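One structure is given here, and the rest of the page talks about it.
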Amino acid sequence: MPGDKHKKAIAWRFLTKGKDIDMHELGVVFRIIDDLTEVGKENEISKIHSVTLQLGEVSGVVPSLLTDAWKWAAAKTELMNGAELIIETLPAVTYCEDCKSEYETVAHGKICPNCGSEHTYLLRGNEFMIKEIAAT
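Sequential numbering of the sequence shown, starting at 1, is according to our numbering.
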């Protein structure tokens with residue numbers, strides 16, 4: 001029903017107290033929190049102070065939205081309340097099969113700036129991983 005989508009949006013804004021938090025990034029943050037909760041249990045961690053993520057330039061995650069979602073969601077947990085989220089952005093690099101060169105993906109896209117070939121593929125830049133956790 002068309003009205004259901006609107007009701008869900010209103011309910012979502014109510015749950016986030018009117019803050020605009022992107023659903024995709026919030027889902028990512030929930031996954032990170034689940035993973036960190038598991039690590040906390042396995043290692044008898046009582047408090048996480050900071051989390052460092054490595055985020056590829058073309059990972060599809062917007063760092064500012066991820067940070068907003070983190071602040072909102074982490075504050076709701078005892079383990080991560082007040083924990084800082086540190087994001088390291090990893091550059092996207094594409095490889096050209098024809099001229100065997102590497103180039104910056106964001107600056108040039110799929111077409112190789114050296115030879116004009118479309119026979120290219122992403123080498124790195126779509127990563128999303130937890131690099132480090134500072135905890136007690």
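Ideal Cβ positions, reconstructed from N, Cα and C, are used throughout, including at glycine. Every value quoted in this text rests on a predicted model; they were computed, and no experiment measured them.
Cutoff 7 angstroms; reference residue i; Cβ partners in own chain excluding five residues on either side
| i | result |
| --- | --- |
| T52 | I86, E88, K131 and E132 |
| A83 | I48, H49, S50, V51 and A74 |
| V28 | V61 and L66 |
CB-CB length for residue i against residue j, believed under 8 angstroms
| i | j | result |
| --- | --- | --- |
| G40 | E127 | Not a contact, Cβ separation roughly 23 angstroms. |
| G60 | L90 | That belief does not hold up - the Cβ atoms of G60 and L90 are roughly 13 angstroms apart, past 8 angstroms. |
| T136 | S46 | 6 angstroms |
| S64 | C96 | That belief does not hold up - the Cβ atoms of S64 and C96 are roughly 32 angstroms apart, past 8 angstroms. |
| M80 | L26 | In fact, because the Cβ distance is near 14 angstroms, the residues do not count as touching under 8 angstroms. |
Cβ pair residue i, residue j closer than 9 angstroms
| i | j | result |
| --- | --- | --- |
| P113 | Y121 | no |
| I33 | T77 | yes |
Residue i burial status per 10 Å Cβ neighbour count (16 or more: buried)
| i | result |
| --- | --- |
| C115 | exposed |
| A107 | exposed |
| A134 | exposed |
Sequence-distant residues of its chain with Cβ nearer than 6 angstroms to residue i (five each side left out)
| i | result |
| --- | --- |
| F30 | none |
| D98 | C115, S117 and H119 |
| S101 | N114 |
Beta-carbon proximity list for residue i, same chain, < 8 angstroms, skipping 5 on both sides
| i | result |
| --- | --- |
| A92 | G56, E57, V58, E104, T105, V106, L122, R124, G125 and N126 |
| I111 | S117, E118 and T120 |
| M129 | L53 and Q54 |
Proximity test, residue i beta-carbon vs the ligand MN heavy atom, cut-off 8 angstroms
| i | result |
| --- | --- |
| G82 | As presented, the structure is devoid of all ligands, the ligand MN included, so that no description of it is given. |
Entirely within the region 66 to 115 and at least 4 residues each: give me those alpha helix (DSSP H) ranges in chain order. 105 to 108
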